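Asks:
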Amino acid sequence: MIVSSKATDIIELLKGQLIVSCQDYVEVMVEAAIRGGAAGLRINNPVNVSLALNKTELPIVACNKMRYPNSPVYITPSIRAALALIKNGATIVALDCTQRHRVREQPTEIIAAIHENGALAVADLSCFQDAVYSIEAGADILATTLTSKFDADFIRLLSAFGLPVLAEGGINTPELAKVAIDAGAWAICVGTAITKPHLITKNFKDALSEQHGV
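Residue 125 in numbering that gives the first Met the number 0 sits at position 126 of the sequence shown, with consecutive numbering throughout.
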């Protein structure tokens, strides 16, 4: 495995920190995340990785969402998708490491290619079996990205493997972020709760409507 020292140093910088997932309006959201004190970013597709790196030196967890017919796997589903991110400067690459049907390479092959090009691999998981599979495939970091809801017990279970755990999914309050860290998460990744102003607006509106029947 050929992983750059820069990549491993970045993991240490993220310990106990907040990563903001900026999937839309990337330039604006990256600036907002930086101003708010985020320690890292999760960015989709090579072009957006380049845009983000032009604005900041914060660590970036990069993914490349690509859909193929007859497969539900779309988060960095191939070696080609992973290498495009690394070519544009990514040092940490996230990929779907579920055991669902795929039409391109298997996670073991994708992770090997990521390592050969000096980057680290984040395994996006949905369950415990995915974690076992991901570790066998050579993943460096485990992420709860594909779980259906926030689950502190699952984070606790994953942390027992000894790899850094990135808690992501369903973390919609600062209190839950603290619960995740207490459960053993290495870092927290939050997207929708921070970067979707229309949903934040709707939450306020719905709360008022519920109270006043409007």
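Yeah, the Cβ is synthetic: ideal placement off N, Cα and C, and Gly gets one too.
Since we're looking at a predicted model, the values are computed, not measured.
(1) For the putative contact between residue 96 and residue 139, defined by C-beta atoms under 8 Å, what is the C-beta separation to the nearest angstrom?
(2) Which partner residues of residue 263 appear in the DSSP bridge assignment?
(3) What are the complete beta strand (DSSP E) segments, minimum 3 residues, inside the region 135 to 212?
(4) Can you find the residues in the same chain that come closer than 7 Å, C-beta to C-beta, to residue 191, ignoring five residues on each side of it along the sequence?
(5) For residue 9, which residues of its own chain have a beta-carbon under 7 Å away from its beta-carbon, when the five flanking residues on both sides are left out?
(6) Three or more beta-carbon pairs under 8 Å between the region 99 to 109 and the region 178 to 186, yes or no?
(7) Between the Cα of residue 99 and the Cα atoms of 184, 49, 33 and 74, which residue gives the shortest distance?
(8) Please classify residue 68: is it buried, with 16 or more other beta-carbons within 10 angstroms of its beta-carbon, or exposed?
(9) Does the distance from the C-beta atom of residue 54 to that of residue 78 stay below 9 Å?
(10) With C-beta atoms as the reference, is residue 143 less than 9 Å away from residue 157?
(11) So is residue 147 in contact with chain D if we call contact Cβ pairs under 9 Å?
(12) Do you know how far the Cα of residue 137 is from the Cα of residue 18?
(13) With DSSP as the reference, label residue 89 as helix, strand or coil.
(14) Please report the Cβ distance between residue 93 and residue 60, rounded to the nearest whole angstrom; I am assuming they are in contact, meaning their Cβ atoms lie under 8 Å.
(15) Check each candidate in 211, 133, 50 and 169 and name the one with the smallest Cα separation from residue 163.
(16) Give me the Cα-Cα distance between residue 186 and residue 15, rounded to the nearest whole angstrom.
(17) Which class does residue 13 belong to by DSSP, given the choice of helix, strand or coil?
(18) If we ignore side chains and look at the alpha-carbon of each, how far apart do residue 85 and residue 175 end up?
(19) State the Cα-Cα distance for the pair residue 83 and residue 170, rounded to the nearest angstrom.
(20) Nearest CA to the CA of residue 105: which residue from 209, 118 and 122?
(21) Can you grab the Cα-Cα spacing for the pair residue 201 / residue 50, in whole Å?
(22) Does residue 206 pass the burial test, meaning 16 or more other C-beta atoms within 10 Å, or should it be called exposed?
Replies: The answer reads as follows:
(1) Residue numbering aside, residue 96 sits at position 97 when the sequence shown is read from its first letter. Residue numbering aside, residue 139 sits at position 140 when the sequence shown is read from its first letter. Wrong, their Cβ atoms sit about 11 Å apart, outside the cutoff.
(2) Residue 263 is absent from the model: the chain starts at 0 and stops at 213.
(3) Taking 3 residues as the shortest admissible run, the region 135 to 212 contains the following complete beta strand (DSSP E) segments, listed from N- to C-terminal end: 140 to 142, 164 to 167 and 186 to 189.
(4) Locating residue 191 in the sequence shown gives position 192, where the first residue counts as 1. Excluding residues within five positions, the ones whose Cβ falls inside 7 Å are 198.
(5) Against the sequence shown, residue 9 aligns to sequence position 10. Counting only Cβ-Cβ distances below 7 Å, and skipping sequence neighbours, we find 58, 90 and 91.
(6) no
(7) Your numbering for residue 99 matches position 100 in the sequence shown. Among 184, 49, 33 and 74, the Cα nearest to that of residue 99 is on 74.
(8) Translated into positions along the sequence shown, residue 68 becomes position 69. Residue 68 is exposed by the Cβ-count criterion.
(9) Locating residue 54 in the sequence shown gives position 55, counting from the first residue. Locating residue 78 in the sequence shown gives position 79, counting from the first residue. No. Outside cutoff.
(10) On the sequence shown, position 144 is the one that residue 143 refers to. On the sequence shown, position 158 is the one that residue 157 refers to. Cβ atoms of residue 143 and residue 157: closer than 9 Å.
(11) Of the protein chains in the structure, only one exists, and it is not chain D.
(12) As a first step, residue 18 must be located in the sequence shown, where it is residue number 19. As a first step, residue 137 must be located in the sequence shown, where it is residue number 138. Between residue 18 and residue 137, the C-alpha separation is close to 23 Å.
(13) Within the sequence shown, numbered from 1, the residue matching residue 89 stands at position 90. In this structure, residue 89 counts as coil in the three-state DSSP scheme.
(14) Position 94 of the sequence shown holds residue 93. Position 61 of the sequence shown holds residue 60. Sure, about 5 Å apart at Cβ, within 8 Å.
(15) Your numbering for residue 163 matches position 164 in the sequence shown. The shortest Cα separation from residue 163 among 211, 133, 50 and 169 belongs to 133.
(16) As a working mapping, residue 186 is identified with position 187 in the sequence shown. As a working mapping, residue 15 is identified with position 16 in the sequence shown. One C-alpha to the other measures close to 5 Å.
(17) Counting from 1 along the sequence shown, the entry for residue 13 is found at position 14. Coil.
(18) In the sequence shown, residue 85 corresponds to position 86, counting from 1. In the sequence shown, residue 175 corresponds to position 176, counting from 1. Residue 85 and residue 175 have their alpha carbons spaced roughly 32 Å apart.
(19) Numbered from 1 along the sequence shown, position 84 holds the residue referred to as residue 83. Numbered from 1 along the sequence shown, position 171 holds the residue referred to as residue 170. The alpha-carbon atoms of residue 83 and residue 170 are separated by roughly 29 Å.
(20) Sequence index remark: in the sequence shown, residue 105 carries index 106 (1-based). Here the closest residue by C-alpha is 122.
(21) Within the sequence shown, residue 201 is the residue found at index 202, counting from 1. Within the sequence shown, residue 50 is the residue found at index 51, counting from 1. Roughly 29 Å separates the two Cα atoms.
(22) Taking the first residue of the sequence shown as 1, we reach residue 206 at position 207. Classification of residue 206: exposed, given that the 10 Å Cβ count is below 16.
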